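Engineer:
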Amino acid sequence: MDVFFKIEYENNLMRVGKIITDHGVIETPNFVPVATLGSIKALDSVSVKNLGIQAIFCNTYHLHLQPTEDVIYYFGGLHKFMNYSGVILTDSGGFQAFSLGQALVDRVGKIANIFPNESKFNYHFKKSRKILQDKLALMDKDGILFKSHLDGKIFKLTPEDSIDIQLKLGSDILLTLDECTSPLASYEYTKESTIRSFYWTKRSYEYFIKNKNNFKDYRRFLYGIVQGGYYYDLRKWSLENVLSLDFDGYAIGGSLGRSKEDLYEILSWLSFPKNKPRHLLGIGTINEIFVAIEHGIDTFDCIIPTRYARTGTVFTKYEDNYKNNFTLDLTAAVYKGKDVKKYDLPIDENCSCYTCKNYSVAYLNHLFNANEISAMTLLTIHNLYFYNELLKNIRLSIINKNYDKFKKDFFA
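Per numbering that gives the first Met the number 0, the very first residue in the sequence shown carries number 0; after that it's consecutive.
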């Protein structure tokens, strides 16, 4: 039997390994950028591959609506359709149950304090449930009822539908249907949702096992998702039940608490089989990456580096920049004063990305403030290169047994 995941080096909970698919290898730990509609925003597939990105994360809900899984299947699946030869993961559509549902009411993400208004912590989830005309997603035992954000049409997404769509899309790694609950959800609602998510998980698993051999062109793998919010007993219940099914790998879903500290605590509760990969869904700040890896996470996806690039913010490492979360705002450059010469330099003189080798901060600032599309492309290239290099260096530090020193120097 062909190996899917192998561990090559270990240091405490941290591990360096390889996820091996028929479309390539993911060296772990690794960051997986989001390509919602089969494209990382502002980049073409060739540029993505040239950056050394080994895997991307596409979205079932959005591709189902546009251009539809049938169109993509007709044109040979996602890899051929978008001319991408690396590994493709697909979300199940479950996150949109949250982002198009209660998130519109609570105005929060997977972690509550990524939004400035944290005054709603006593907010009771069920009391504000609205009808579908106000929200774009509602759940019941059978699946998720969506109202398309494109044309307003209503459709149902069941666990079987989600897996069927993902099989037709042709992703290498599929995820089970689940509900990402609001970090402001009550214990009662989170318990109800966790039980329902496992019911969907089991149905997803059974449908995948029954139908995966209908697609024999290459191997496909399925991850089960552990839910439970920021509730220890619910996380442990979900973990125990998800582990009862023989998944190829596992993912940790939201909500992930009301603060970064809650996220770290949730990670400490969970213990997975050593021989299978673990993915942390929707998390990817610099601090979170280090903590996740220290808790044995192998891969994680997030929109942060690409979305930041499109708003004029780049990641870079220089003295004391950890205080700014390793970010630099390129929209605020001022061409006067004693520091004017620094604007004639690249974002990072030590960076070997295409952007830093060819363009100055002054020029990038001009492009962005002139609303030139090329600004988004150039900044996205830099941010993804920064993330790629960071993960490469983390892997090397684990292999060379100097992770603690690397981390200390990085945050110095």
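Ideal Cβ placement from N, Cα and C applies to all residues, glycine included.
In this text, all values refer to a predicted model and were calculated from it rather than measured experimentally.
In the DSSP assignment, what are the bridge partners of P32?
Structural biologist: Looking at the DSSP assignment, P32 forms a beta bridge with C301.
Engineer: Tell me whether F424 sits in a helix, a strand or coil according to DSSP, three-state version.
Structural biologist: No answer is possible for residue 424: it lies beyond the span of the chain, which begins at 0 and ends at 411.
Engineer: For H148, which three-state DSSP category applies?
Structural biologist: Here H148 sits in coil by DSSP.
Engineer: For the pair the stretch 1 to 18 and the stretch 256 to 269, tell me if three or more CB-CB distances fall below 8 Å.
Structural biologist: Judged by Cβ distances under 8 Å, the stretch 1 to 18 makes no contact with the stretch 256 to 269, as fewer than three pairs qualify.
Engineer: Looking at C-alpha atoms only, which residue of M375, I71, F271 is the closest neighbour of V313?
Structural biologist: V313 has its Cα closest to that of M375, out of M375, I71, F271.
Engineer: From the DSSP output, in three-state form, read off P115 for me.
Structural biologist: Reliability of the predicted coordinates at P115 is poor, the pLDDT of 32 falling under 50, and no value is obtained from them.
Engineer: Which runs of the beta strand (DSSP E) fall wholly inside the stretch 43 to 100 and span at least 3 residues, in chain order?
Structural biologist: If we require 3 residues or more, the beta strand (DSSP E) runs fully inside the stretch 43 to 100 come out as 54 to 58, 86 to 90.
Engineer: Count the other C-beta atoms from every protein chain shown that fall within 10 angstroms of the C-beta of S396, then say buried if there are 16 or more, exposed otherwise.
Structural biologist: So S396 counts as buried.
Engineer: Looking only at DSSP bridge pairs, what is H278 linked to?
Structural biologist: BP columns for H278 point to A250, T298.
Engineer: Are the beta-carbon atoms belonging to P28 and I393 less than 9 Å from one another?
Structural biologist: Yes.
Engineer: Terminal residues of the continuous beta strand (DSSP E) containing I397?
Structural biologist: That residue, I397, is in no beta strand (DSSP E); its alpha helix (DSSP H) goes 372 to 398.
Engineer: Do you know how far the Cα of I380 is from the Cα of D90?
Structural biologist: The straight-line gap from Cα to Cα measures roughly 24 Å.
Engineer: Cα-Cα, which of T305, L221, S258, G256 is closest to K275?
Structural biologist: Of the candidates T305, L221, S258, G256, the one whose C-alpha sits nearest the C-alpha of K275 is L221.
Engineer: Tell me the DSSP secondary structure of V360 in three-state form.
Structural biologist: Helix, per DSSP.
Engineer: Rounding to the nearest angstrom, what Cα-Cα distance links G252 and D343 in this structure?
Structural biologist: Their Cα atoms are separated by approximately 43 Å.
Engineer: Please report how far the alpha carbon of L329 lies from the alpha carbon of F409, in whole angstroms.
Structural biologist: Going from the Cα of L329 to the Cα of F409 covers about 22 Å.
Engineer: Is I55 near L12, with beta carbons less than 9 Å apart?
Structural biologist: The answer is no: Cβ separation not under 9 Å.
Engineer: Suppose contacts are defined by Cβ-Cβ distances below 9 Å. Is T189 in contact with S254 by that definition?
Structural biologist: Yes.
Engineer: Does DSSP put R14 in a helix, a strand or coil?
Structural biologist: Strand at R14.
Engineer: Kindly indicate which three-state DSSP category V24 falls into: helix, strand or coil?
Structural biologist: Strand.
Engineer: Going by DSSP, name the residue or residues bridged to E264.
Structural biologist: Answer by DSSP bridge pairing: none, since E264 is not bridged.
Engineer: Using the DSSP secondary-structure output, state which residues sit across from I224 in a beta bridge.
Structural biologist: Answer is A250.
Engineer: Quick test of your reading: G37 and L77, contact by CB under 8 Å. State the CB separation rounded to the nearest angstrom.
Structural biologist: With 8 Å as the limit, G37 and L77 qualify as a contact, their Cβ atoms being about 6 Å apart.
Engineer: Alpha carbon to alpha carbon, how far is S185 from M138? Give it in angstroms, no decimals.
Structural biologist: Roughly 16 Å separates the two Cα atoms.
Engineer: Of the choices P182, S161, L183, whose alpha-carbon is the least far from that of L173?
Structural biologist: Per the Cα distances, S161.
Engineer: Hey, could you find the ends of the alpha helix (DSSP H) T200 is sitting in?
Structural biologist: T200 -> alpha helix (DSSP H) spans 186 to 210.
Engineer: Helix, strand or coil for F4? Go by DSSP, reduced to three states.
Structural biologist: Strand at F4.
Engineer: To the nearest whole angstrom, what separates the beta carbons of G311 and L238, a pair I think is in contact under 8 Å?
Structural biologist: Actually they are not in contact, since the Cβ atoms of G311 and L238 sit about 40 Å apart, beyond 8 Å.
Engineer: What are the residues that DSSP puts in a beta bridge with D139?
Structural biologist: Paired residue(s): G142.
Engineer: Look at the alpha carbon of T59 and the alpha carbon of A331, and state the distance between them as a whole number of angstroms.
Structural biologist: Near 37 Å, if we compare the C-alpha coordinates of A331 and T59.
Engineer: Tell me where the beta strand (DSSP E) around V241 begins and ends.
Structural biologist: Note, V241: premise wrong, no beta strand (DSSP E); alpha helix (DSSP H) at 231 to 242.
Engineer: When burial is assigned at 16 or more other CB atoms within 10 Å of the CB, is D177 buried or exposed?
Structural biologist: The residue in question, D177, is buried, as its Cβ has 16 or more Cβ neighbours within 10 Å.
Engineer: Under 8 Å, with one C-beta from each stretch per pair, do the stretch 283 to 292 and the stretch 315 to 327 reach the 3-pair mark?
Structural biologist: The stretch 283 to 292 vs the stretch 315 to 327: in contact.
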